[in-house]
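These notes are about the structure you will find just below.
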Amino acid sequence: MQITNKHGVPEPLMALASRDYYSKGKATYSVTEIISPPRVQRLREIHDSEIQQDVSDMLWSLLGSALHVVAERSQVADHISEERLFLDIDGVRLSGAIDLQRVDGDMVDIVDYKFTSAWSLRADKEDWHQQQNCYAYLVQKVKGKKVRSIRICALIRDWSRREAAIKPDYPQAPIAMVDIPIWAYEDTEKFIRERIEAHRMAKVAADWGEELPLCTDSDRWVRGDKWAVMKEGRKTAVRVYDNSEEAIALAETDSKFNVVERKGEPVRCTGNFCGVAAWCSQFKQEISNEDER
Ligand code: SF4
């Protein structure tokens with residue numbers, strides 16, 4: 052990936068952005084890699100030299116890197132910071148870097164730092180569950196210790212004191228500890244094996260110039276159609292529904308209400324959050340299907 056510097060950001064920050072803190076070490080796959088869609092990973096590999104990102108768009112990943120450096124420096128008894136574990140499984144080497152492990156005899160408590168938004172914190176983060184349970188599996192398999200708890204230390208980048216005061220379901224502090232459910236050992240092992248196989252098949256397809264496995268709706272962050280009930284003189288919706296019937300029923304209760312349909316979309320593709328939308332035939336096909344409608 053080429054990192055550009057369109058806004059004259061100081062060189063040390065450029066160097067930090069260019070240094071890969073999330074290197075998978077001498078492994079075939081990292082945990083982060085296997086939980087992401089195979090199509091995205093392969094397109095990133097194929098188009099690595101063409102992908103451009105400006106350093107100014109990497110603010111949160113830069114702060115994430117800085118946090119990892121700071122965490123590594125802080126040595127506290129019975130706590131292991133930034134340890135990368137390796138495991139040979141099904142003919143490949145899998146690695147995972149764990150932010151923090153608190154060791155208590157044969158037990159380990161895992162903590163992972165994440166910068167996130169307040170909105171995102173309230174949604175169920177399936178990828179957090181997958182990633183952290185893979186780490187728990189590595190700890191159990193490599194170290195022979197039992198994982199007692201997994202928690203995310205969420206650093207909420209857009210936290211608002213005002214929102215916290217008026218909304219009871221809003222995070223009450225800019226740092227929140229989030230418990231992650233621990234999966235059964237066998238379920239995690241099955242999940243890891245399936246993900247490795249999916250990535251292996253995608254590699255074979257890429258090597259043979261065949262179509263890559265398609266991203267699923269969940270991979271593409273597909274947001275379904277919504278129906279917003281709007282009120283005259285108000286910019287935000289009174290209420291948003293997943294179906295038109297409920298929206299129409301509410302709109303009929305007040306002459307100032309009307310219903311506006313919001314078309315759904317694959318947010319990861321349209322916003323290029325995968326970074327490879329420009330080279331993705333699946334996304335191009337979808338755009339062309341939309342144009343024909
Ligand atoms: S553009 Fe969409 S379908 Fe294509 S790789 Fe990215 S997320 Fe997947």
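Residues in the sequence shown are numbered from 52 upward in steps of one, following the numbering used here.
A virtual CB, placed ideally from N, CA and C, is assigned to each residue, including glycine.
Sub-8 Å separation of residue i and residue j beta-carbons
i	j	result
Ala148	Asp209	no
Ile243	Cys185	yes
Arg319	Trp278	no
Thr267	Ala205	no
Ile161	Val121	no
Met281	Pro264	no
Leu172	Val82	no
Ile203	Lys165	yes
Ala302	Val291	no
Lys307	Glu283	yes
Ile201	Ile231	yes
Glu133	Asp150	yes
Proximity winner among the options, relative to residue i (alpha-carbon distances)
i	options	result
Gln250	Ala68, Ser69, Arg93 and Leu64	It should be noted that the sequence gives His, not Gln, for residue 250. Of Ala68, Ser69, Arg93 and Leu64, the residue nearest in Cα terms is Arg93.
Val106	Ala224, Thr55, Arg213 and Leu145	Thr55
Arg135	His119, Gly142 and Ala68	His119
Phe324	Ser132, Met109, Ile299 and Arg70	Met109
Val143	Val91, Ala174, Leu189 and Tyr80	Tyr80
Glu261	His130, Met52, His58 and Ser332	Ser332
Leu138	Gln152, Gly195 and Pro219	Gly195
Ser100	Gln191, Ala68, Val91 and Met52	Met52
Thr239	Ile231, Glu343 and Tyr188	Tyr188
Glu316	Asp141, Asp305, Ile299 and Ile338	Ile338
Val229	Asp163, Ile217 and Thr321	Asp163
Ala256	Ala66, Trp111 and Arg90	Arg90
Ile233	Val190, Asp220, Ile217 and Ser269	Val190
Asp305	Ala215, Val289 and Glu312	Val289
Arg95	Glu245, Gln336, Ala328 and Asn340	Ala328
Arg313	Ala300, Thr287 and Phe334	Thr287
Tyr236	Lys192, Ile140 and Gln336	Lys192
Asp270	His58, Ile217 and Lys176	Lys176
Whole-Å CB distance - residue i paired with residue j, under 8 Å assumed
i	j	result
Gly326	Ile102	6 Å
His98	Trp330	5 Å
Asp129	Val154	5 Å
Leu113	Leu64	6 Å
Leu67	Ser116	6 Å
Ile131	Gln152	4 Å
Any non-hydrogen atom of ligand 2 within 7 Å of residue i CB
i	result
Gln53	Absent from the structure shown: ligand 2. Ligands present: ligand 1.
> Residues with a Cβ closer than 5 Å to any heavy atom of ligand 1, in chain order?
Replying inline: That query returns the following residues: Arg90, Val91, Cys266, Arg271, Arg319, Cys320, Cys325, Ala328, Cys331, Gln333 and Phe334.
> Is it true that the stretch 217-225 meets the stretch 293-301, where meeting means three or more beta-carbon pairs spaced less than 8 Å apart?
Replying inline: no
> Is it a yes or a no for the stretch 176-183 touching the stretch 82-98, going by three-plus beta-carbon pairs under 8 Å?
Replying inline: In the pairwise beta carbon analysis, the stretch 176-183 is classified as touching the stretch 82-98: at least three pairs are separated by under 8 Å.
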